[in-house]
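Just below is one structure, and these are the notes that go with it.
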Ligand code: HEM
C-alpha cells in the first residue's frame with residue numbers, strides 16, 4: 020500500500036539528514052536533533068461517563084484496538100472505567116517502551132494485590148518485575164539455550180508422532196484443530212520441561228486453563244468485576260480449577276523431590292536453584308508459580324500459532340501446495356529433526372508470516388514507574404501502556420499489502436525496515452524466553468503433520484478473539500485428509 024492509500028490520516032514521515040531527523044507532522048514540519056520522533060496523542064472518541072470505552076472494548080477487544088488504530092492513528096488514549104490506557108501502534112514507540120526505556124516500564128501486576136494473569140500464574144516469569152524477575156530469568160534461561168534445542172526437537176517430534184498415531188483413527192474425519200494443537204503443545208511442554216506425560220489429564224488441564232485465564236482476563240479488563248471472595252458461581256468455578264492446577268504443579272514437584280531422579284529439565288533447574296548470597300532455594304510458592312507459568316505460557320501461544328497457521332494454509336491452496344512439496348522433498352517419509360529445519364525455509368517462512376498476521380500475544384502491557392515522555396507524549400507515573408503488536412504487524416508504513424498472507428516476503432528479503440514492526444515474541448529484556456523453543460516447535464510440528472495430512476477447512480467463518488492470547492473463536496473444524504507419503508530414498 021502506498022503512503023497515499025493509508026487507512027488513517029498520515030501524521031509524520033521521517034528521513035535522516037546528517038544527524039538530524041527531519042520530521043513533518045501534518046501541519047507543523049520542523050527539524051530537531053536526533054531523538055524519537057514526536058507523535059500526537061488522540062483521545063478515542065465515544066467515552067461515556069464513568070465507564071469510558073468499557074462497553075465496546077468488553078464486547079470486542081481486538082476489533083476495537085484495530086478499529087481505533089485505523090481510524091485515529093498510532094498513539095491513542097482510551098478509558099476502561101477509571102483506568103486510562105495508552106495504545107501505541109508504531110515500532111518507534113514499541114522500541115521506546117520495551118527497549119530504550121525498559122527500566123521505566125514494569126509489568127502491570129502487583130504481587131501484593133494480584134489481578135489478571137497474576138491471579139493464575141502468581142509471581143512467575145511472565146507476571147513478576149524487578150529483582151525477583153531478574154533472578155528467576157537467570158535460573159530459567161539456560162534450559163532454553165540453543166545447545167539444548169536439538170534434543171528438544173527430538174522430544175517434540177516424538178510427541179508429534181504419538182499424536183499422529185492417535186489421529187489414525189480419525190483419518191478422513193473432522194476435528195477441532197485448535198483443540199488438537201492445544202493438546203499437542205501441552206504434551207510437548209510437559210515432556211520437554213517436566214519429563215512427564217499429561218495425556219490422561221489433558222481435558223481437565225485444558226478446561227482449567229481456559230476457565231482460569233478467561234476469569235483473569237475478565238477481571239483485568241472489567242473494573243466492575245466482583246472480587247474473588249464473593250461466592251458467585253463463576254468465582255467458585257475459578258477456585259475449583261485453581262485448586263486442580265495447584266495440585267498438579269505441587270504434585271509434579273513432590274514427585275521429583277521424592278524420586279531424586281535427574282532429568283536435566285526445567286524442574287531440575289528450578290529445584291536446584293540457589294540464591295548466590297543466601298544459598299537458599301526457591302520457596303514452594305515460587306516453584307509453583309514458575310512451573311505453572313512455563314506450563315501455561317509455553318503451550319497456549321504455540322498452540323494458537325499452529326491453529327492459525329493451519330487455517331491460513333487451508334485458505335491459501337498455492338501456499339499449501341508449495342509447503343507440501345517442500346516437506347515431501349526434504350522428509351521423504353522421515354520424522355523431522357532440528358537439522359531438517361535448515362532445509363525447510365518455506366515452512367519456517369509460513370510460520371513467521373502466520374505469527375505476523377495472528378500474533379498469539381496481540382498486545383504487550385506495561386505500567387510506567389515514573390513520569391516519562393515517549394515519542395513526545397507525556398505519560399504520568401502509573402500510566403498503563405498497550406503496545407499493539409497486532410497493529411504493528413499490519414502497519415501499512417512498514418508492510419506492503421499488510422493484510423495478505425504471503426510467506427514469500429520472508430524469503431525475498433522484504434523484511435520491514437524497522438525491526439520493531441515485527442515482534443511476535445516481544446522486545447527488549449522481557450523478550451519471550453521460549454523464542455528459540457517456539458521457533459523450532461512451530462515449523463517442526465507443521466512439517467511433521469503436513470507431511471502426513473492435508474488439513475481442509477470444514478467450516479465457513481473463523482473469527483479471531485482476544486483472551487490474553489489470540490484464539491480462533493469456537494475453534495476451527497478441519498478435515499484430516501491423509502496424504503501419500505513418498506517412500507524414503509535409499510543410499
Ligand atoms: C509462538 C509461540 C510464542 C509466542 C508468540 C510468545 C510470545 C511472547 C511474548 C510476546 C512475550 C513477551 C510479553 C511481554 O513482554 O510482556 C513472551 C514472554 C514469555 N514467554 Fe513466550 N511466546 C511463545 C512461546 C513460548 C514458549 C514455548 C515458552 C516456554 C516454553 C514461553 C514462555 C514465556 C515466558 C516465561 C515469558 C516471560 C519472559 C520474561 O518476561 O522474562 N513462550 N512470550
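Numbering (the working numbering), first residue to last: 20 to 510. Think of the CB as a built atom: it goes at the ideal place given N, C-alpha and C, for glycine as much as any other residue.
Next on the checklist: If you follow the beta strand (DSSP E) that residue 491 is in, where does it begin and where does it stop?
Outcome noted: Counted as a single uninterrupted DSSP element, the beta strand (DSSP E) harbouring residue 491 occupies residues 488 to 491.
Next on the checklist: Once the 5 residues before and after residue 159 are set aside, which same chain residues still bring their CB inside 8 Å of it?
Outcome noted: If we look at residue 159 and ignore the five residues flanking it on each side, its Cβ neighbours are 144, 285, 288, 289, 309, 313 and 452.
Next on the checklist: On the criterion of 16 or more Cβ atoms from any shown chain inside 10 Å, does residue 147 qualify as buried, or is it exposed?
Outcome noted: Answer is buried; the Cβ neighbour count reaches 16.
Item to check | Selection from 113, 182 and 481 that minimises the alpha carbon distance to residue 333 | outcome: Just measuring C-alpha positions, the residue of 113, 182 and 481 sitting nearest residue 333 is 481.
Checklist entry - Are residue 368 and residue 429 touching if we call contact CB-CB under 7 Å? => result Against a cut-off of 7 Å, the Cβ pair of residue 429 and residue 368 comes out as a contact.
Item to check | Close beta carbons around residue 473, own chain, < 6 Å, minus the five adjacent residues each side | outcome: 500 and 502.
Item to check | Beta-carbon proximity list for residue 221, same chain, < 8 Å, skipping 5 on both sides | outcome: Closer than 8 Å at the Cβ level, and outside the excluded window around residue 221, lie 202, 205 and 206.
Next on the checklist: Quick check on residue 282: buried or exposed, where buried means 16 or more other Cβ atoms within 10 Å of its Cβ?
Outcome noted: That one is exposed.
Checklist entry - Nearest to residue 490 by CA position, among 229, 77 and 363, is which residue? => result Nearest option by C-alpha distance: 229.
Item to check | Inter-residue spacing [alpha-carbon to alpha-carbon] between residue 400 and residue 392 | outcome: In this structure, the alpha-carbon of residue 400 lies about 10 Å from that of residue 392.
Next on the checklist: Using 8 Å as the cut-off, can you tell me whether the region 325 to 341 makes contact with the region 193 to 202, which would need three or more C-beta pairs spanning the two stretches below that distance?
Outcome noted: These segments touch.
Checklist entry - Do residue 388 and residue 123 have their C-beta atoms closer together than 7 Å? => result Taking 7 Å as the cut-off, the Cβ atoms of residue 388 and residue 123 count as close.
Checklist entry - When you compare each of 255, 77 and 246 to residue 132 by their alpha carbons, which one comes out closest? => result The shortest C-alpha separation from residue 132 is found at 246.
Item to check | Of the listed residues 356, 305, 337 and 316, nearest to residue 142 (C-alpha basis) | outcome: Taking only the C-alpha atoms, the option nearest residue 142 is 305.
Next on the checklist: In chain order, what are the residue ranges of uninterrupted beta strand (DSSP E) at least 3 long that sit wholly in the region 87 to 129?
Outcome noted: Fully enclosed beta strand (DSSP E) runs of 3 or longer: 94 to 99 and 102 to 107.
Checklist entry - Measuring from the CB of residue 174, is there a heavy atom of ligand 1 at a distance below 6 Å? => result Not one heavy atom of ligand 1 lies closer than 6 Å to the C-beta of residue 174.
Checklist entry - residue 98: which of 252, 74 and 120 sits nearest, CA to CA? => result Out of 252, 74 and 120, 74 has the C-alpha closest to the C-alpha of residue 98.
Checklist entry - Excluding the five sequence neighbours on either side, which residues of its own chain have a C-beta within less than 7 Å of the C-beta of residue 366, listed in chain order? => result Same-chain partners within the cutoff: 342, 345, 346, 462, 465 and 466.
Checklist entry - alpha helix (DSSP H) containing residue 73: first to last residue? => result Counted as a single uninterrupted DSSP element, the alpha helix (DSSP H) harbouring residue 73 occupies residues 73 to 78.
Next on the checklist: Comparing C-alpha positions only, which one of 364, 183, 352 and 373 sits nearest to residue 335?
Outcome noted: Its Cα nearest to that of residue 335, the residue 373 stands out among 364, 183, 352 and 373.
Checklist entry - Cβ-heavy atom distance between residue 383 and ligand 1 below 6 Å? => result It does: the Cβ of residue 383 is within 6 Å (strictly closer) of some heavy atom of ligand 1.
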